[in-house]
Amino acid sequence: MERWRNKTAVVTGGSSGIGAACVVDLVKAGMVVAVLARREKTMNEFRNSLSEELRKSIYPVKCDVTIEENVKSAFHWVQENLGTVHILINSAAMARSLDLCGLYCTKEIQECIDINVTGMAFCVREAFNQMRDHQIDGHIVLLNSVCGHYIPIIPLGSINIYSASKYAVTAMAETYRQEFSKAGTNVKITSISPGAVNSGVMPASIRDIVDIAMLKSENVSNAIMFCLTTPPHVQIHELVIRPLHEQF
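For the sequence shown, the residue numbers in my numbering are 68 to 315.
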């Protein structure tokens, strides 16, 4: 991680779960980190829970990734105040345990697509263009899921359109790989596909009731840090990380 020291990282959904774990690990590695999240109170509570040494390198930025102008403004602020983005961790995501054919889940369908797909596309676009314009050999990480590769049988029902949104992320990762290369850059793209994680993304109806093996957020962050340590000519395009004895 030495080559990233004193460089700028952006983490979306960085106020809790996997995103928060990534923020801590990036700061410990010597990076300056902008935390993008909708919940300003939660961001500040997370930051204030850390040591003073860590806090001084963490900059909360209120941003709804589903709103294009929010994203543009946030990345402009980061560049002007912290420097050009070198690493982007797209951690913002949501899931709901509702049947996809349910009559009253229109809001959940739209919100899931907006956050998991459209918001991610907005953030990657802004980060990549900063990297390209300033000739930065950066690294962009997409938080995917095993649900983006197959449809698991989930106890107690469906997870709505979440799997479809993660299949989209799988396709996006390959599209970005090709586009980044065609643009003549050395920007890397990595898709991280965890199995079940005990974080805020998993619906409480599944997390709190069903006894299943789960990863910790820190486990996923550790995997991301490993991908960031690869030599310049090595790109981990897809990494699947699952808890031992996962049954779906």
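Note that CB positions come from ideal geometry on N, CA and C, so glycine has one too. This one's a predicted model, so the numbers in the text were calculated from it and none came from an experiment.
Considering only their Cβ atoms, is the gap separating residue j from residue i smaller than 8 Å?
i, j, result
"V102", "V138", "no"
"M281", "V264", "yes"
"I318", "N227", "Nothing about residue 318 can be reported from this structure: the residues present for the chain run from 68 to 315 only."
"T257", "C294", "yes"
"I134", "A160", "no"
Need the endpoints of the beta strand (DSSP E) that residue i sits in, please.
i, result
"L155", "152–157"
"A101", "99–104"
Run the CB neighbour count on residue i, radius 10 Å, all protein chains shown included, and call it buried at 16 or more, exposed below.
i, result
"V99", "buried"
"V301", "exposed"
"N66", "Residue 66 lies beyond the range of the chain shown here (68 to 315); nothing can be said about it."
"S232", "buried"
"H201", "exposed"
Quick check on the DSSP output: the alpha helix (DSSP H) that includes residue i runs from which residue to which?
i, result
"S348", "Since the displayed the chain opens at 68 and closes at 315, residue 348 lies outside it and no answer follows."
"S248", "229–249"
"E69", "No alpha helix (DSSP H) contains E69, which DSSP labels as neither H nor E."
Write down the C-beta distance between residue i and residue j rounded to the nearest angstrom, noting that I regard them as a contact closer than 8 Å.
i, j, result
"F195", "V254", "6 Å"
"T75", "V145", "6 Å"
"S124", "V94", "5 Å"
"R199", "A250", "6 Å"
"W71", "I154", "7 Å"
Do you know how far the Cα of residue j is from the Cα of residue i?
i, j, result
"L306", "S284", "15 Å"
"L117", "C168", "43 Å"
"I220", "Q314", "9 Å"
"D166", "S225", "5 Å"
"V128", "F142", "9 Å"
"G320", "G80", "The structure shown has nothing for residue 320, since the chain only spans 68 to 315."
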